[in-house]
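Undergrad:
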Amino acid sequence: CAGSPNPIFGYPGYPGLSIWLAPFLLLGLVVALKNWRDFFHRLVALWWLIGVFASLPAIEAPHPLRMIVAIPPTAILVALGLLKLINWLLSNKRIPSSLRPTPYALLLLILLLILPLPGFIRAYYVNWGNLEVTQGIYDYNAIAIRDAVLSQANKNIPIYLPQSRFNDSTLLYYLSDPFPRQASLAASAAGTAIAISPDNNIDDTAWVRLYNGVATVLPPLTLEGQQLIQTALADRNSIPIKAINGETAARQALLPDDPANYIEPPSVDLDADFGPMQLIGATFPATIDLRQDLPVTLYWQTNQPMSTEYEVLVRLITDDRRAVGNGDARPTDWVYPTSFWRPDIDQIAAQHLVTLEPDLEPGRYWLAVSVFDPALGRRLPLTGGFSDSPDTFFIGPLKIALPQPPTEAPLVRSQPLDFGEVARLTSYQVKPTAIIAGDSIQVDLLWEALSMPPRDYTIFVHLLDSEGNLVAGNDAQPRSGRYPTTIWSPGELILDSHTLVTPPDLPSGQYRLDIGLYFQPSGERLPLKFKTQTIDTTGRLTLPPPIEVLLK
-10 CAGSPNPIFG YPGYPGLSIW LAPFLLLGLV VALKNWRDFF HRLVALWWLI GVFASLPAIE
50 APHPLRMIVA IPPTAILVAL GLLKLINWLL SNKRIPSSLR PTPYALLLLI LLLILPLPGF
110 IRAYYVNWGN LEVTQGIYDY NAIAIRDAVL SQANKNIPIY LPQSRFNDST LLYYLSDPFP
170 RQASLAASAA GTAIAISPDN NIDDTAWVRL YNGVATVLPP LTLEGQQLIQ TALADRNSIP
230 IKAINGETAA RQALLPDDPA NYIEPPSVDL DADFGPMQLI GATFPATIDL RQDLPVTLYW
290 QTNQPMSTEY EVLVRLITDD RRAVGNGDAR PTDWVYPTSF WRPDIDQIAA QHLVTLEPDL
350 EPGRYWLAVS VFDPALGRRL PLTGGFSDSP DTFFIGPLKI ALPQPPTEAP LVRSQPLDFG
410 EVARLTSYQV KPTAIIAGDS IQVDLLWEAL SMPPRDYTIF VHLLDSEGNL VAGNDAQPRS
470 GRYPTTIWSP GELILDSHTL VTPPDLPSGQ YRLDIGLYFQ PSGERLPLKF KTQTIDTTGR
530 LTLPPPIEVL LK
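Going by the working numbering, the sequence shown runs without a break in its numbering and finishes at 541.
(1) When you compare the CB positions of Ser486 and Asp433, do they come within less than 8 Å of one another, or not?
(2) Alpha carbon to alpha carbon, how far is Thr277 from Asp348?
(3) With distances taken between CB atoms, is the gap from Ala242 to Ala133 smaller than 8 Å?
(4) Below 8 Å, how does it come out for the region 452 to 459 and the region 387 to 397: are there three or more Cβ pairs, yes or no?
(5) Thinking C-beta only, is Thr491 closer than 8 Å to Asn463?
(6) Measuring alpha carbon to alpha carbon, tell me which residue in Ile448, Tyr354 and Asn201 is nearest Glu513.
(7) Leaving out five residues before and five after Ser542 in sequence, what residues of the same chain have Cβ atoms less than 8 Å from its Cβ?
(8) Considering Cα atoms alone, identify which of Lys388, Gly385, Ser359 and Thr415 is closest to Pro379.
(9) When burial is assigned at 16 or more other CB atoms within 10 Å of the CB, is Pro229 buried or exposed?
(10) With a threshold of 16 other CB atoms inside 10 Å of the CB of Arg301, please say whether the residue is buried or exposed.
(11) Quick check on the burial criterion: 16 or more other C-beta atoms within 10 angstroms. Buried or exposed for Lys23?
(12) Where do the N-terminal and C-terminal ends of the alpha helix (DSSP H) with Gln152 fall, by residue?
(13) Quick one: using the 10 Å Cβ neighbour count with 16 as the cut-off for buried, is Gln216 buried or exposed?
(14) Give the DSSP-derived three-state secondary structure of Ile524 in the structure shown.
(15) Taking just the CA atoms, how far does Leu515 sit from Asp525?
(16) From the DSSP output, in three-state form, read off Asp213 for me.
(17) Would you mind sorting Val115 into buried or exposed? The rule is 16 or more other CB atoms within 10 Å of its CB.
(18) Does DSSP classify Thr491 as helix, strand or coil?
(19) Quick one: is Ser429 buried, meaning 16 or more other Cβ sit within 10 Å of its Cβ, or exposed?
(20) Beta-carbon within less than 8 Å of Pro326's beta-carbon, same chain only, minus the 5 sequence neighbours each way: which residues are those?
(21) If we call anything under 8 Å between Cβ atoms a contact, is Asp262 one with Gly374?
(22) For Phe329, does the three-state DSSP call read helix, strand or coil?
(23) Can you check DSSP and say which residues form a bridge with Tyr288?
(24) Please look up how many angstroms separate the CB atoms of Ser186 and Leu161, rounded, as I've assumed it's under 8 Å.
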């Protein structure tokens, strides 16, 4: 550094190497390279080049400690250059003896060269270290948290740290030796526990449990478990953990119960193999909240050692497999990377936050999961599990719920009528009821979901003549297929619209509108169940009034 104005590079206005010593550094480097065959000279030259080169590719992210390895060879090269110059001056016979420097002159030269050293040492070892920006480089908070953990480690009580803080490289380095890592989907609960968390991580759901000399990476906590920790940390009796610079590094709280009692289990059991990685379960909300990222937890294990840090690609996709959300990440990041996973022992819960595209429409969505090998730049093949993709496993469905229709919607109230155990028609609207041939008819149906059926049913709206012949119709899954019955929730109201286009040569007269639901592969209709408990197995309901086709 030559006195860079950026204090990250060096002390502003004060060169890292005195300008009086710089020529001797260059001369010493020339001497070392010229004597390359000699082991000592080769060692010093390589030592210096390696120490300096470390900062060249990382110049956009400078760090004062990165070039520390170059300091000793720099001093050696400066000394080599100075000795080379002195030897040349003393031994060069072409220099008249009257011009040759005396030992006193050489001593004076050396004193002049080392005269700036006290100022240099003070600038870089005192003044530079006291700058606020350079103090921020050193993670004093991590040291304070480490000391707090170690002071409690022998009290036979579990300590919980947020995964996001444990993932910090400094704290991970400090705690990896006293607490070797493992991963599990459960832990034996103790009577109480300690939570340590920075204030800005108080809402974390995923925690690491430090207990009996082991750091266990656990699944996210349930809502009750999160509230247990949040309440304790927010309590006035929680203890601030102070760093040596006076800042509050974290807060420490004694919990009335062990969060191990509140671990979130997989909501769906899965069986999919991506080479050495086995996907055994998942947890995700059935209904997507557009106000926040979508939390998805995937549960993994492995049957063989892995040396690659795999990434897991998690995408939210539509029915036509268009990606509308991204949650790609390394499982647990560096807290417990895939190369650490122990075959047939560890079970790892990795949480992904899927960032959603704006303005997503209500409807059905899926999670697409695949494993990416960054070393090879490709996805691992799906070697086990049902999927129509060679490298992607699909989980779901999920849904974005429909906004509930206004209560003052101008619909005709229907008699209570159930279609099987799936849906209840509560009201409807037909517009217009008098048309001429070629006109369209709009039919709005308001359904109340009775259950979440395992089948996607199709709604039919048919216009029939007096003899029961079909003259116009519209068959479609609810909301044109975007809100199928498999994502309906009991009690939910679904407003579904169908448009019927009549033939231009349709004779005048009266026609009737029939509706119903059926399962498309078999054509099996849902029976009608009236309030009187009467069942109509034809599965066809006629909506009054009749449609009048007028003469043109």
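Using N, Cα and C, we set each Cβ at its ideal position, and we do this for glycine too.
In this text the structure is predicted, and so the values were computed from the model without any measurement.
TA: Answer, in terms of the structure:
(1) Between Ser486 and Asp433, the gap from beta carbon to beta carbon is short of 8 Å.
(2) Looking at the sequence itself, residue 277 is Ile, so the reference to Thr does not match. Cα-Cα distance, rounded: 13 Å.
(3) Against a cut-off of 8 Å, the Cβ pair of Ala133 and Ala242 comes out as no contact.
(4) No, because fewer than three Cβ pairs between the region 452 to 459 and the region 387 to 397 fall closer than 8 Å, the two stretches do not touch.
(5) No, the pair does not count as a contact, with Cβ atoms beyond the cut-off.
(6) Answer by Cα proximity: Ile448.
(7) Beyond the ends of the chain as shown, which are -10 and 541, falls residue 542; an answer cannot be given.
(8) Per the C-alpha coordinates, the member of Lys388, Gly385, Ser359 and Thr415 positioned closest to Pro379 is Ser359.
(9) With a 10 Å radius around the Cβ and a threshold of 16 neighbouring Cβ atoms, Pro229 comes out exposed.
(10) In the sequence on display, residue 301 carries Val and not Arg. Val301 is classed as buried because its beta carbon has at least 16 other beta carbons within 10 Å across all chains shown.
(11) Flag for Lys23 reads exposed.
(12) Taken as a continuous stretch (DSSP letters only), the alpha helix (DSSP H) holding Gln152 covers Gln152 to Phe155.
(13) By the neighbour-count rule (16 or more Cβ atoms within 10 Å), Gln216 is not buried but exposed.
(14) In the three-state DSSP reduction, Ile524 falls in the strand class (E or B).
(15) Each residue's alpha carbon lies about 9 Å from the other.
(16) Per the sequence shown, the amino acid found at residue 213 is Glu instead of Asp. DSSP places Glu213 in helix when its eight states are reduced to three.
(17) Val115 sits exposed, since fewer than 16 C-beta atoms from the chains shown fall within 10 Å of its C-beta.
(18) In this structure, Thr491 counts as coil in the three-state DSSP scheme.
(19) In summary, Ser429 is exposed, with fewer than 16 beta-carbon neighbours lying within 10 Å of its beta-carbon over all protein chains present.
(20) Within the same chain, Pro326 has close Cβ partners Glu298, Arg319 and Pro320.
(21) Yes, they are a contact pair.
(22) Phe329: helix per DSSP, three-state reduction.
(23) DSSP output for Tyr288 lists Gly270 and Ala338 as bridge partner(s).
(24) The beta-carbon separation of Ser186 and Leu161, rounded to 16 Å, does not stay under the 8 Å limit for a contact.
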